[in-house]
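Q:
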Amino acid sequence: MSLSYAECTARERLALLLDAGSFHEWLPPSERLTSPHLAQLGVPCAFDDGVAIGRATLAGRTVFVAAQEGAFMGGGVGEVHGAKLVGLLQRALRDRPTAVLLLAESGGVRLHEANAGLIAVSEVMRSVLDVRAAGIPVITLIGGANGCFGGMGIVARCTDYIVMSDSGRLAMSGPEVIEASFGVEEFDSRDRALVWRTTGGKHRWLTGDCDELVEDDVQAFREAAICALSAAKPVTSALLETEHALLSARLRDMPPPSDDLDDAMALWQRLGVADAQRIPDIDVAAMHALRVATEAQR
Amino acid sequence: MKWNTLVTQLFGPFHGMREVGDFLQGEVLFEGELLTVIGTTNHASIGVRLALAQARVVLDTISQHPGRPILLLIDTQGQQLRRRDELLGINRAMAHLGMCIDLARRNGHRVIGLVYDQALSGGFITSGLIADACDALPEAEIRVMRIPAMARVTKLPEAMLTELSESNPVFAPGVGNYVAMGGVRALWEGNLQVALRAALSEATGEDRRARDGALRGGRKLAADVAQRVLNAA
């Protein structure tokens with residue numbers, strides 16, 4: 003039976019994605035570790051500050067895992083939330099699990115404690131890169147309704163491997179923020195199809211911004227995470243030169259704005275997708291076949 | 002401070018730094034040692050293009066000048082808020098810049114960030130905040146969001162946020178708050194050459210910001226919470 007990953011809470015995802023009963027939480031809600039800054043503002047707190055962290059097994063291998071809860075402040079990173087992520091990564095560096103899984107669902111920095119959140123996200127970024135440098139893969143799963151935005155969108159791209167669902171979204175600034183700054187002509191945040199073409203799983207998979215595309219299904223995420231356990235990609239000069247060449251080519255080849263063809267579709271065409279208009283309508287299996295075809299062409 | 006005034010005070014009138022668009026670049030001689038300097042000016046908004054331009058110079062410094070220190074001069078209004086940048090994967094380009102700087106540090110380059118004018122959220126997180134140390138001029142401004150905008154987004158009264166910002170540095174813009182929270186290591190006051198020399202000699206690869214935040218009283222929980230995770234049964 004298929005169970006939507008997007009509709010699960012962070013804790014449901016942990017229970018269903020990891021080996022049954024294997025999740026052992028650190029700083030669980032019973033410790034009532036809350037944000038003092040939210041309390042000062044009179045805003046409701048959560049006893050886990052919106053993220054559950056701990057160790058578990060996945061297909062019998064030890065993993066460390068964090069799951070952000072999108073229903074609490076949009077998964078926003080505050081001081082405590084960020085420090086839990088940093089602590090988990092530091093512990094991974096010490097205890098050397100097989101991998102670290104990041105079940106990311108976040109709007110980025112929590113604006114209620116903006117300064118502390120911004121510094122915290124940069125500390126998470128550095129800790130992720132420390133863990134990677136130790137040869138332990140950090141794997142990001144993105145499929146929550148709130149997507150993965152802002153600083154967490156950058157953190158995700160600092161990790162070794164990203165799994166996304168079609169309905170997952172990965173970007174930096176949210177469409178609402180862009181619309182508020184430059185108007186509805188720049189980005190109509192209520193045009194759901196446009197938002198998905200710009201930030202959604204299919205787009206990120208076609209461009210290689212994510213490594214695997216799965217159905218919105220907890221078991222599909224589990225299987226992809228198991229496959230990714232050996233996906234460590236050490237950060238070397240060669241890797242970053244390849245990345246630089248890819249991003250430079252994409253910037254250079256991005257077709258100019260046109261009234262005839264949507265920007266995303268024009269980019270997909272440029273990437274070798276013959277029938278770019280069809281993309282929004284096809285399923286994940288057909289997407290896989292399509293990327294195989296375009297890669298063979300290249 | 003204008004970037005030209007800054008680099009003239011640091012490196013003399015023949016510093017040789019160039020401004021191309023909003024991008025600053027140069028190789029300067031400081032006390033007998035060559036430094037790579039990269040920066041932005043005019044409160045640049047950092048899009049894919051500007052992130053890649055900075056990353057290119059960092060990669061070139063790693064490959065051509067092993068161990069050479071890198072100085073990042075920061076003046077940005079934040080990430081570019083455009084749909085096409087999102088389509089092109091601005092988060093990936095930002096991460097790439099951050100990872101280039103991080104690799105430089107791991108390869109033995111000391112990397113110092115200096116906020117000489119203003120720094121905002123996305124433009125700052127993969128430059129100064131990923132350096133060995135981020136410093137600032139006293140007159141610089143650092144923030145995620147202005148208080149009126151923060152009040153709108155959080156739906157909290159502006160007066161309340163303003164009042165709280167007096168006592169709690171997490172809410173309000175200001176370079177002093179970032180020092181208190183450990184995000185900024187030190188302010189460059191007085192002679193700028195002395196300050197740069199100190200920054201270079203004190204640079205370590207270790208991330209001390211959470212501990213500094215606790216010691217300075219501006220971010221009391223971060224170091225403690227991370228330690229509790231390490232100690233948890």
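Chain order of the listed sequences is A and B. Per my numbering, the very first residue in the first sequence carries number 3; after that it's consecutive. Per my numbering, the very first residue in the second sequence carries number 2; after that it's consecutive. Beta carbons: idealized from backbone N, C-alpha and C, even for Gly.
1. Could you list the residues in the stretch 206–231 of chain A with a C-beta less than 7 angstroms from some C-beta on chain B, going in chain order?
2. Of the choices Gly52/A, Thr64/A and Thr59/A, whose alpha-carbon is the least far from that of Glu81/A?
3. Measuring CB to CB, does Val165/A end up less than 8 angstroms from Asp213/A?
4. Using a Cβ-Cβ cut-off of 7 angstroms (strictly less than) and excluding sequence neighbours within five positions of Ala222/A, which residues of its own chain qualify?
5. Do Ala141/B and Gln119/B have their C-beta atoms closer together than 8 angstroms?
6. Contact defined as beta carbons within less than 8 angstroms: I believe Gly89/A pairs with Val226/B. What is the distance between those atoms, to the nearest angstrom?
7. Check each residue of the stretch 204–230 of chain B: if its Cβ is closer than 9 angstroms to any Cβ of chain A, include it; give the result in chain order.
8. Glu14/A by DSSP, collapsed to three states: which one?
9. DSSP state of Gly114/B, grouped into three classes?
10. Give the residues from the stretch 229–259 of chain A that approach chain B closer than 7 angstroms (Cβ to any Cβ), ordered along the chain.
11. Hey, out of Ser169/A, Glu225/A, Cys150/A and Val79/A, whose CA is closest to Ala48/A's CA?
12. Does Ala199/B have its Cβ less than 8 angstroms from a Cβ in chain A?
13. Compare the beta carbon distance of Thr77/B and Ala56/B with 8 angstroms and say whether it is the shorter of the two.
14. Just reading off the alpha helix (DSSP H) that Cys160/A is part of, what are its end residues?
15. Comparing alpha-carbon positions, which option in Asp255/A, Glu107/A, Ile141/A and Ser37/A lies nearest Ala85/A?
16. Relative to chain A, which residues along the stretch 125–148 of chain B have a C-beta separation below 7 angstroms, given in chain order?
17. Identify each residue in the stretch 68–80 of chain B for which the Cβ-Cβ distance to at least one residue of chain A is less than 7 angstroms, and report them in chain order.
18. According to a CB-to-CB cut-off of less than 7 angstroms, which residues of the stretch 97–120 of chain A neighbour chain B?
19. Does DSSP classify Gln119/B as helix, strand or coil?
20. I'd like to know whether the C-beta of Ala17/A is nearer than 8 angstroms to at least one C-beta of chain B.
21. May I ask you to report which of helix, strand or coil DSSP gives Phe12/B?
22. For Pro30/A versus Phe66/A, is the C-beta spacing smaller than 8 angstroms?
23. Starting from the beta carbon of Glu71/A, find every residue of chain B whose beta carbon is closer than 8 angstroms, and list them in chain order.
24. Starting from the beta carbon of Ile138/A, find every residue of chain B whose beta carbon is closer than 7 angstroms, and list them in chain order.
25. Use the C-beta contact count for His2/A: other C-beta atoms within 10 angstroms, 16 or more gives buried, fewer gives exposed.
26. Beta-carbon separation of Arg272/A and Pro257/A under 8 angstroms?
27. Along the chain, where does the alpha helix (DSSP H) that runs through Val226/B open and close?
28. Using the DSSP secondary-structure output, state which residues sit across from Thr59/A in a beta bridge.
29. What separation, rounded to the nearest whole angstrom, lies between the Cα atoms of Phe189/A and Gly110/A?
30. Helix, strand or coil for Trp198/A per DSSP?
31. Take Leu98/B and list the residues in its own chain whose beta-carbon comes closer than 8 angstroms to its own, dropping the five residues that flank it on each side.
32. Counting contacts by CB-CB distance shorter than 8 angstroms, is Gly22/B in contact with chain A?
33. Name the chain A residues whose beta carbon is nearer than 7 angstroms to that of Ala233/B?
34. Name, going along the chain, the residues of the stretch 101–127 of chain B whose beta-carbon falls closer than 7 angstroms to a beta-carbon of chain A.
35. Quick one: what does DSSP say Cys135/B is sitting in, helix, strand or coil?
36. Is Met75/A helix, strand or coil by DSSP?
A: By the coordinates alone:
1. Thr209 and Asp211
2. Here the question's residue 81/A lines up with position 79 in the first sequence. Answer by Cα proximity: Gly52/A.
3. Here the question's residue 165/A lines up with position 163 in the first sequence. Here the question's residue 213/A lines up with position 211 in the first sequence. Against a cut-off of 8 angstroms, the Cβ pair of Asp213/A and Val165/A comes out as a contact.
4. For the purposes of this step, residue 222/A is taken as residue 220 along the first sequence, with counting starting at 1. Counting only Cβ-Cβ distances below 7 angstroms, and skipping sequence neighbours, we find Val216.
5. As a position in the second sequence, residue 141/B is number 140, starting the count at 1. As a position in the second sequence, residue 119/B is number 118, starting the count at 1. Contact flag set, yes.
6. Here the question's residue 89/A lines up with position 87 in the first sequence. Here the question's residue 226/B lines up with position 225 in the second sequence. Going by Cβ atoms, the distance from Gly89/A to Val226/B rounds to 6 angstroms, so yes, they are a contact pair.
7. Asp208, Arg210, Ala211, Gly214, Gly219, Arg220, Lys221, Leu222, Ala223, Ala224, Asp225, Val226, Ala227, Gln228, Arg229 and Val230
8. In the first sequence, counting from the first residue as 1, residue 14/A sits at position 12. Here Glu14/A sits in helix by DSSP.
9. Start at 1 with the first residue of the second sequence, and residue 114/B comes out as number 113. Three-state result, Gly114/B: strand.
10. Result list: Val237, Ser239, Leu242, Glu243, Glu245, His246, Leu249, Ser250, Arg252, Leu253 and Met256.
11. Taking the first residue of the first sequence as 1, we reach residue 48/A at position 46. Nearest in C-alpha terms to Ala48/A, of all of Ser169/A, Glu225/A, Cys150/A and Val79/A, is Val79/A.
12. The residue labelled residue 199/B in the question sits at position 198 within the second sequence. No, Ala199/B does not count as interfacial toward chain A.
13. Sequence index remark: in the second sequence, residue 77/B carries index 76 (1-based). Sequence index remark: in the second sequence, residue 56/B carries index 55 (1-based). Against a cut-off of 8 angstroms, the Cβ pair of Ala56/B and Thr77/B comes out as no contact.
14. In the first sequence, the residue the question calls residue 160/A occupies position 158. Taken as a continuous stretch (DSSP letters only), the alpha helix (DSSP H) holding Cys160/A covers Gly152 to Cys160.
15. Reading the first sequence from its first residue, position 83 is the one you call residue 85/A. Among Asp255/A, Glu107/A, Ile141/A and Ser37/A, the Cα nearest to that of Ala85/A is on Ser37/A.
16. Ile126, Thr127, Leu130, Ile131, Val145 and Met146
17. Gln80
18. Contacts with chain B (Cβ-Cβ distance below 7 angstroms) from the stretch 97–120 of chain A involve Val111, Leu113, His114, Glu115, Ala116, Asn117, Ala118 and Leu120, listed in chain order.
19. What you label residue 119/B is simply residue 118 of the second sequence in a count that begins at 1. Of the three classes helix, strand and coil, the one that applies to Gln119/B here is strand, per DSSP.
20. Against the first sequence, residue 17/A aligns to sequence position 15. No, Ala17/A lies away from the interface with chain B (no Cβ there is under 8 angstroms from its Cβ).
21. In the second sequence, counting from the first residue as 1, residue 12/B sits at position 11. Of the three classes helix, strand and coil, the one that applies to Phe12/B here is helix, per DSSP.
22. Within the first sequence, numbered from 1, the residue matching residue 30/A stands at position 28. Within the first sequence, numbered from 1, the residue matching residue 66/A stands at position 64. Contact flag unset, no.
23. What you label residue 71/A is simply residue 69 of the first sequence in a count that begins at 1. By Cβ distance, chain B contributes nothing, its closest Cβ being about 17 angstroms from Glu71/A, past 8 angstroms.
24. The residue labelled residue 138/A in the question sits at position 136 within the first sequence. Chain B residues near Ile138/A: none, gap ~15 angstroms exceeds 7 angstroms.
25. With chain A represented from 3 up to 300, any question about residue 2/A goes unanswered, as that position is not in the structure.
26. The count along the first sequence starts at 1 and reaches residue 272/A at position 270. The count along the first sequence starts at 1 and reaches residue 257/A at position 255. In contact: Arg272/A and Pro257/A (Cβ atoms closer than 8 angstroms).
27. For the purposes of this step, residue 226/B is taken as residue 225 along the second sequence, with counting starting at 1. Per DSSP, Val226/B belongs to the alpha helix (DSSP H) from Ala223 to Asn232.
28. Here residue 59/A refers to the residue found at position 57 when the first sequence is read from its first residue. Looking at the DSSP assignment, Thr59/A forms a beta bridge with Thr64/A.
29. The residue given as residue 189/A occupies position 187 in the first sequence. The residue given as residue 110/A occupies position 108 in the first sequence. Approximately 19 angstroms, taken between the alpha carbons.
30. Locating residue 198/A in the first sequence gives position 196, where the first residue counts as 1. Residue state, collapsed to three classes: helix.
31. The sequence position of residue 98/B within the second sequence is 97, counting from 1. For Leu98/B, where only same-chain residues beyond five positions count, the Cβ hits under 8 angstroms are Ala52, Leu53, Gln55, Ala56, Val59, Thr127 and Ser128.
32. Residue numbering aside, residue 22/B sits at position 21 when the second sequence is read from its first letter. False, the Cβ-Cβ gap to chain A never drops below 8 angstroms.
33. What you label residue 233/B is simply residue 232 of the second sequence in a count that begins at 1. Those are Trp28 and Leu29, listed as they occur along chain A.
34. Cys101, Asp103, Leu104, Arg107, Ser122, Gly123, Ile126 and Thr127
35. Translated into the one-based positions of the second sequence, residue 135/B becomes position 134. It is a strand residue.
36. Residue 75/A sits at position 73 when you count from the first residue of the first sequence. In the structure shown, Met75/A falls within a helical segment according to DSSP collapsed to helix, strand and coil.
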